[in-house]
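Number of protein chains: 2
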Amino acid sequence: MEYPIGEFSKLTGLGIHTLRYYEQEGLIAPERNSSNRRCYSDKDLTWIEFIKRLKDTGMPIKEIKHYAELRATGDPTLSERMEMLVQHRQALDEQIAQLQEHKIKLDEKIEFYRNEIERVNNTNL
Amino acid sequence: MEYPIGEFSKLTGLGIHTLRYYEQEGLIAPERNSSNRRCYSDKDLTWIEFIKRLKDTGMPIKEIKHYAELRATGDPTLSERMEMLVQHRQALDEQIAQLQEHKIKLDEKIEFYRNEIERVNNTNL
DNA sequence: TCTTGACATAGAGTTTACTCTACATTGTAT
DNA sequence: ATACAATGTAGAGTAAACTCTATGTCAAGA
Chain A
1 MEYPIGEFSK
11 LTGLGIHTLR
21 YYEQEGLIAP
31 ERNSSNRRCY
41 SDKDLTWIEF
51 IKRLKDTGMP
61 IKEIKHYAEL
71 RATGDPTLSE
81 RMEMLVQHRQ
91 ALDEQIAQLQ
101 EHKIKLDEKI
111 EFYRNEIERV
121 NNTNL
Chain B
1001 MEYPIGEFSK
1011 LTGLGIHTLR
1021 YYEQEGLIAP
1031 ERNSSNRRCY
1041 SDKDLTWIEF
1051 IKRLKDTGMP
1061 IKEIKHYAEL
1071 RATGDPTLSE
1081 RMEMLVQHRQ
1091 ALDEQIAQLQ
1101 EHKIKLDEKI
1111 EFYRNEIERV
1121 NNTNL
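Chains as they are written, first to last, in our numbering: chain A, 1 to 125; chain B, 1001 to 1125.
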């Protein structure tokens, strides 16, 4: 299947302007029809979903662009791309670990508040 | 103990400019000495550490500012502050869950690459 | 044929969170 | 007394990632 940009926008949840911006930044290169309109494919859809994943895990656009370039080059870049993903997984692990630590501290703080509120209530009896 | 901004910057890892910016944005209000220099206290240090935690877990400056205002008001705002933290913990839980899902998919992708690289190697024998 | 809606490009504007510059003041060591 | 390093304010500049505006094209329905 092929989709014009409006439909692809709905499929991806990404806003027409954002899709054009991504193309300009070299993240994606949809086909064009005879009237120069963008024709996004199902492959583009899979690819955009992966881009979103990279973004949501904190990879900056420039780095995704680099990955996209390697991808466009094909097989000779397979190991370099894998290397990037392995690095990124490492970063993601650390990110998750840090958030979990933050969560523990946040829970403690909430517990502290619970006690404070209790204490203040009792003081005002 | 009290610290001038340069020292406090080192203690917090936050850059002098950033500390002044945070003050301007209403996140922190250090004392001033007779010559108008900022005198950060240990309480400020604890508070900044908490600000960093909120920031690192994705809370925007504006919301932290709101929390800071409630904090400055004192006891009457205890439950509202706790409410904010409970909400934020919820968001954090979701954030962590999402990252964990992303990690699983990323691992799958890496596994896919491992197989692809193997396949390409064998094809070129 | 005329209008309308989706699409095209180029470039300007926005938001967030800093980060830096210019210039004045002050405390301290020589 | 003077030099200098740290600090002060006000305001400009930066980077990332969008987001919007102006203007033009084009295919399809009334």
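Think of the CB as a built atom: it goes at the ideal place given N, C-alpha and C, for glycine as much as any other residue.
Quantities reported herein were computed from a predicted structural model and do not represent experimental measurements.
### Query
In chain order, what residues of the stretch 67-92 of chain A put their CB closer than 8 Å to some CB of chain B?
Only those residues of the stretch 67-92 of chain A whose C-beta falls short of 8 Å from the nearest C-beta of chain B are listed: Asp-75, Leu-78, Ser-79, Arg-81, Met-82, Leu-85, Val-86, His-88, Arg-89 and Leu-92.
### Query
Which bits of chain A does Glu-1116/B rub up against, with CB to CB less than 9 Å?
Simply Asp-75, Leu-78 and Met-82.
### Query
For chain B, is any of its Cβ atoms less than 7 Å away from the one on Tyr-113/A?
Closer than 7 Å to some Cβ of chain B, the Cβ of Tyr-113/A qualifies, so yes.
#### Entry: Supposed close pair Leu-1019/B, Ala-1068/B - CB separation, criterion 8 Å
That pair is no contact at about 14 Å.
### Message
Restricting to Cα atoms, I'd like to know which of Arg-119/A, Lys-105/A and Ile-117/A is closest to Asp-1056/B.
### Response
Taking the Cα of Asp-1056/B as reference, the smallest distance to any Cα among Arg-119/A, Lys-105/A and Ile-117/A is reached at Lys-105/A.
### Message
Between the alpha carbons of Tyr-21/A and Asn-33/A, how many angstroms are there, rounded?
### Response
Straight-line Cα distance between these residues: approximately 19 Å.
### Task
May I ask you to report which of helix, strand or coil DSSP gives Arg-37/A?
Note: Arg-37/A maps to coil in three-state DSSP.
### Message
Within 10 Å of its beta-carbon, does Phe-112/A have 16 or more other beta-carbons around it, so buried, or fewer, so exposed?
### Response
Phe-112/A sits exposed, since fewer than 16 C-beta atoms from the chains shown fall within 10 Å of its C-beta.
### Task
Would you mind telling me which residues of chain A sit closer than 8 Å to Lys-1109/B, beta carbon to beta carbon, in chain order?
Correct list: Phe-50 and Leu-85.
### Task
Can you tell me which of Gln-1100/B, His-1102/B, Asp-1044/B and Ile-1110/B puts its alpha carbon nearest to the alpha carbon of Leu-1014/B?
Put simply, of Gln-1100/B, His-1102/B, Asp-1044/B and Ile-1110/B the residue whose alpha carbon is nearest the alpha carbon of Leu-1014/B is Asp-1044/B.
### Task
Look at the alpha carbon of Glu-101/A and the alpha carbon of Trp-1047/B, and state the distance between them as a whole number of angstroms.
Computed Cα separation, rounded: 17 Å.
### Query
Do we get a CB-CB distance below 7 Å when we pair Lys-103/A with the residues of chain B?
Taking a beta-carbon distance threshold of 7 Å, Lys-103/A counts as an interface residue toward chain B.
### Message
Output needed in chain order: residues of the stretch 38-62 of chain A with a Cβ under 7 Å from some Cβ in chain B.
### Response
Answer in chain order: Arg-53, Asp-56 and Thr-57.
### Message
Can you check which of these residues, Leu-11/A, Gln-98/A and Asn-122/A, is closest to Arg-1053/B by C-alpha distance?
### Response
Nearest of Leu-11/A, Gln-98/A and Asn-122/A to Arg-1053/B, Cα basis: Gln-98/A.
### Query
Does the Cβ of His-88/A have 16 or more other Cβ atoms within 10 Å, making it buried, or fewer, making it exposed?
Answer is buried; the Cβ neighbour count reaches 16.
#### Entry: Below-7 Å beta-carbon distance, Leu-1106/B vs any chain A residue
Cβ-Cβ to chain A under 7 Å: yes for Leu-1106/B.
### Task
Kindly list the residues whose CB is nearer than 7 Å to the CB of Leu-70/A, restricted to its own chain and excluding five residues on each side of it in sequence; keep chain order.
Excluding the 5 residues flanking it on each side, Leu-70/A has same chain C-beta neighbours closer than 7 Å at Thr-77, Glu-80 and Arg-81, in chain order.
### Query
What are the boundary residues of the alpha helix (DSSP H) that includes Leu-1054/B?
1042-1056 is the span of the alpha helix (DSSP H), which, as asked, contains Leu-1054/B.
### Message
Along the chain, where does the alpha helix (DSSP H) containing Leu-106/A start, and where does it finish?
### Response
Here the alpha helix (DSSP H) through Leu-106/A covers 78-123.
### Query
Are the C-beta atoms of Ile-96/A and some chain B residue less than 7 Å apart?
Yes, Ile-96/A lies at the interface with chain B (some Cβ there is under 7 Å from its Cβ).
### Selected residue, minimal CA-CA separation from Ile-110/A, among Ile-1117/B, Arg-1038/B and Gln-1090/B
The shortest C-alpha to C-alpha distance from Ile-110/A to any of Ile-1117/B, Arg-1038/B and Gln-1090/B is the one to Gln-1090/B.
### Query
Going along chain B, which residues have a C-beta under 7 Å from Gln-100/A?
Residues of chain B passing the Cβ test: Ile-1096.
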